[in-house]
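Engineer:
Number of protein chains: 2
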Amino acid sequence: MRILGIDPGSSATGYGVVEFAGGKLHHVTHGVLRARRGEALASRLANIHAGVLAVVGEHGADIAVVERVFVASNPRSALVLGQARGAALAALATSGLEVAELSAREVKKAVAGTGAAGKAQVQDMVMRLLELAARPPTDAADALAVAICQAHAGRLAGLGVSRRRRSLRSSLAASRLLREKS
Amino acid sequence: MRILGIDPGSSATGYGVVEFAGGKLHHVTHGVLRARRGEALASRLANIHAGVLAVVGEHGADIAVVERVFVASNPRSALVLGQARGAALAALATSGLEVAELSAREVKKAVAGTGAAGKAQVQDMVMRLLELAARPPTDAADALAVAICQAHAGRLAGLGVSRRRRSLRSSLAASRLLREKS
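Top to bottom, those sequences are chains G and C. Here this note's numbering = 1-based position in the first sequence + 11. Here this note's numbering = 1-based position in the second sequence + 11.
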């Protein structure tokens with residue numbers, strides 16, 4: 012079961028791929044798609060779209076997952092975030108992936124044990140859980156964290172690695188459960 | 012000079028193509044990309060992206076133009092609008108088009124004579140200006156209106172049809188001017 016986490020943003024979009032196999036999580040890849048300074052909006056968005064397509068093409072995934080947005084701080088930042096999300100989500104669906112959404116609180120709780128964890132805490136825990144040699148950049152750490160949380164949601168639903176289809180369906184069900192609870 | 016106007020929205024994205032030739036505006040095409048009822052968000056966004064690519068592929072354009080968003084009514088609707096915009100703008104840049112932005116007020120003023128024009132007034136004026144046999148649907152009318160306004164902005168800058176490159180640059184400059192004034 013390979014899970015792609017995406018953390019979309021206007022200037023930096025993090026991505027991370029983990030694999031849940033043999034009852035254990037494995038790190039596959041992570042990185043950040045960064046906009047060039049002064050790059051036009053539409054061009055940034057096209058690069059997010061192309062970058063997400065390339066990650067799926069290179070590493071593959073059984074499911075994608077993003078953080079759910081509850082309330083952005085203001086309409087302007089919601090619009091900017093929405094544009095980056097729109098480009099990324101369009102690319103995920105074009106790649107044929109189902110997209111699950113998990114709340115930031117659940118992601119932090121799954122990774123760091125508390126929904127109130129800070130950025131650095133998430134980076135540290137992602138590094139430990141995936142046995143990485145170095146701290147991933149914050150945007151990539153957030154993307155890996157959401158992928159890890161999605162893997163946990165599947166595991167909590169009592170899933171084996173061999174049952175891909177059931178696993179996929181059940182982790183979607185689990186993520187819906189998390190969403191309804193939050 | 013062929014201009015593609017886009018009016019992105021989560022459930023309906025309007026598009027309209029006009030050509031400014033021989034000192035006159037000509038209608039090329041218009042339509043609305045509609046989401047299916049109950050369609051998942053990422054799939055809707057992928058269809059907006061694919062639909063915009065298809066319109067550019069079929070009809071071509073020298074420039075694209077969208078309405079500029081000033082302040083959305085609330086963060087939730089700004090996020091939803093942003094996602095649709097993100098998918099559409101990514102497709103426009105992927106198609107190699109520059110994307111101009113014009114304020115809703117300027118668009119209404121250029122098409123209907125007043126920045127306070129209503130939806131029906133914009134539909135009627137678009138129908139008359141482009142000599143259409145019937146009123147276009149509101150989303151398509153808004154897309155045609157923004158394309159017409161972009162053509163006017165070019166014309167006001169004293170541009171001829173034969174000077175494509177200068178025309179393109181100058182109408183971009185005109186649109187920047189409009190944006191700075193608004």
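Using N, Cα and C, we set each Cβ at its ideal position, and we do this for glycine too.
(1) Leaving out the 5 sequence neighbours to the left and right, which residues in its chain are closer than 6 Å to Arg-47 of chain G when beta-carbon positions are compared?
(2) Which word fits Phe-31 of chain C, buried or exposed, when buried means at least 16 other C-beta atoms lie within 10 angstroms of its C-beta?
(3) Less than 9 Å separating the beta-carbons of Ala-151 of chain C and Gly-27 of chain C?
(4) Is Met-12 of chain C closer than 9 Å to Gly-124 of chain C when the C-beta atoms are compared?
(5) Here's a check: name, in chain order, each residue in its chain whose Cβ is nearer than 6 Å to the Cβ of Ala-184 of chain G, leaving out the five neighbours to either side.
(6) Report the option in C:Ala-144, C:Val-63, C:Leu-52, C:Gly-25 whose CA atom is closest to the CA atom of Leu-108 of chain C.
(7) Determine, using beta carbons only, whether Leu-56 of chain G comes closer than 9 Å to chain C.
(8) Anything in chain C within Cβ reach of Ile-59 of chain G, meaning under 9 Å, just list it in chain order.
(9) Would you tell me roughly how many angstroms separate the C-alpha atoms of Ala-75 of chain C and Ala-53 of chain G, rounded to the nearest one?
(10) Between the C-alpha atoms of Leu-140 of chain G and Ala-102 of chain C, what's the straight-line distance to the nearest angstrom?
(11) Report back the beta-carbon spacing between Gly-25 of chain G and Asp-135 of chain G to the nearest angstrom; my notes put them in contact at under 8 Å.
(12) Across the segment 109 to 124 of chain G and the segment 85 to 92 of chain G, are there enough close Cβ pairs to call them in contact, namely three or more that are closer than 8 Å?
(13) Tell me the residue span of the beta strand (DSSP E) that contains Thr-24 of chain C.
(14) Residues of chain G with CB under 7 Å from Leu-92 of chain C, in chain order?
(15) How would you write the range of the beta strand (DSSP E) that Arg-13 of chain C sits in, first residue to last?
(16) How many whole angstroms separate the CB atoms of His-38 of chain G and Leu-113 of chain G, which I take to be in contact at a CB cut-off of 8 Å?
(17) Could you check the C-alpha separation between Asp-18 of chain G and Leu-44 of chain C for me, to the nearest Å?
(18) Mark Ile-14 of chain C as exposed unless 16 or more other C-beta atoms lie within 10 angstroms of its C-beta, in which case mark it buried.
(19) Going by the DSSP bridge assignment, what does Ile-159 of chain G pair with across the sheet?
(20) Helix, strand or coil: how does DSSP classify Glu-117 of chain G here?
(21) Does the beta carbon of Ser-114 of chain C come closer than 9 Å to any beta carbon on chain G?
(22) Counting only beta-carbon atoms, is Arg-87 of chain C nearer than 9 Å to chain G?
(23) Following the continuous beta strand (DSSP E) through Val-76 of chain C, name the residue where it begins and the one where it ends.
(24) For the putative contact between Glu-78 of chain G and Val-157 of chain G, defined by C-beta atoms under 8 Å, what is the C-beta separation to the nearest angstrom?
(25) Under 9 Å between the Cβ atoms of His-70 of chain C and Ala-99 of chain C?
(26) Check Thr-40 of chain C in the structure and name its three-state DSSP category.
(27) Taking 9 Å as the CB-CB cut-off, is Val-110 of chain G touching chain C?
Structural biologist: Once the coordinates are examined:
(1) As a first step, residue 47 of chain G is located in the first sequence; it is residue number 36 there, counting from the start. Taken in chain order, the list of residues that qualify is empty.
(2) Reading the second sequence from its first residue, position 20 is the one you call residue 31 of chain C. Buried: at least 16 other Cβ atoms inside 10 Å.
(3) The residue given as residue 151 of chain C occupies position 140 in the second sequence. The residue given as residue 27 of chain C occupies position 16 in the second sequence. The answer is yes: Cβ separation under 9 Å.
(4) Taking the second sequence and counting its residues from 1, the one referred to as residue 124 of chain C is at position 113. Taking the second sequence and counting its residues from 1, the one referred to as residue 12 of chain C is at position 1. For Gly-124 of chain C and Met-12 of chain C, no; Cβs fall outside 9 Å.
(5) Counting from one through the first sequence, the residue named residue 184 of chain G turns up at place 173. Low per-residue confidence applies at Ala-184 of chain G: pLDDT is 36, beneath 50, and the placement is therefore not dependable, though the value from the model is reported in the following sentence. No residues qualify anywhere along the chain.
(6) To locate residue 108 of chain C, count along the second sequence from 1; it is residue 97. Residue C:Val-63 is the option with its Cα nearest to Leu-108 of chain C.
(7) As a working note, residue 56 of chain G is residue 45 in the first sequence. Taking Cβ atoms only, chain C reaches closer than 9 Å to Leu-56 of chain G, which makes this a yes.
(8) Taking the first sequence and counting its residues from 1, the one referred to as residue 59 of chain G is at position 48. Neighbours of Ile-59 of chain G on chain C, chain order: Gly-97, Ala-101.
(9) Here residue 75 of chain C corresponds to residue number 64 of the second sequence, with the count starting at 1. Here residue 53 of chain G corresponds to residue number 42 of the first sequence, with the count starting at 1. So the two alpha carbons sit approximately 11 Å from each other.
(10) If you number the first sequence from 1, residue 140 of chain G lands on position 129. If you number the second sequence from 1, residue 102 of chain C lands on position 91. Roughly 37 Å separates the two Cα atoms.
(11) Position 14 of the first sequence, counted from the first residue, corresponds to residue 25 of chain G. Position 124 of the first sequence, counted from the first residue, corresponds to residue 135 of chain G. Not really, about 16 Å apart at Cβ, beyond 8 Å.
(12) no
(13) The count along the second sequence starts at 1 and reaches residue 24 of chain C at position 13. Looking at the DSSP string, the run of the beta strand (DSSP E) that includes Thr-24 of chain C is 23 to 32.
(14) As a first step, residue 92 of chain C must be located in the second sequence, where it is residue number 81. Going along chain G in sequence order, the residues near Leu-92 of chain C (Cβ under 7 Å) are Leu-90, Gly-93.
(15) For this step, residue 13 of chain C is matched to residue 2 along the second sequence. 13 to 18 is the span of the beta strand (DSSP E), which, as asked, contains Arg-13 of chain C.
(16) The sequence position of residue 38 of chain G within the first sequence is 27, counting from 1. The sequence position of residue 113 of chain G within the first sequence is 102, counting from 1. 19 Å between Cβ atoms; not a contact.
(17) Position 7 of the first sequence, counted from the first residue, corresponds to residue 18 of chain G. Position 33 of the second sequence, counted from the first residue, corresponds to residue 44 of chain C. Between Asp-18 of chain G and Leu-44 of chain C, the C-alpha separation is close to 27 Å.
(18) As a first step, residue 14 of chain C must be located in the second sequence, where it is residue number 3. Answer is buried; the Cβ neighbour count reaches 16.
(19) Residue mapping note: residue 159 of chain G aligns to position 148 of the first sequence, counting from 1. Per DSSP, none; premise fails for Ile-159 of chain G.
(20) Here residue 117 of chain G is taken as the residue at index 106 of the first sequence, counted from 1. Glu-117 of chain G falls in the helix class under three-state DSSP.
(21) Taking the second sequence and counting its residues from 1, the one referred to as residue 114 of chain C is at position 103. Output row for Ser-114 of chain C: interface = no.
(22) Numbered from its first residue, the second sequence carries residue 87 of chain C at position 76. Closer than 9 Å to some Cβ of chain G, the Cβ of Arg-87 of chain C qualifies, so yes.
(23) Taking the second sequence and counting its residues from 1, the one referred to as residue 76 of chain C is at position 65. Unbroken beta strand (DSSP E) run through Val-76 of chain C: 74 to 79.
(24) On the first sequence, residue 78 of chain G is found 67 positions in, with the first residue counted as 1. On the first sequence, residue 157 of chain G is found 146 positions in, with the first residue counted as 1. Between Val-157 of chain G and Glu-78 of chain G the Cβ distance is about 6 Å, and since that is below 8 Å, they are a contact.
(25) Against the second sequence, residue 70 of chain C aligns to sequence position 59. Against the second sequence, residue 99 of chain C aligns to sequence position 88. Contact flag unset, no.
(26) Counting from 1 along the second sequence, the entry for residue 40 of chain C is found at position 29. Strand, per DSSP.
(27) Within the first sequence, the letter at position 99 stands for residue 110 of chain G. Chain C contact via Cβ: present.
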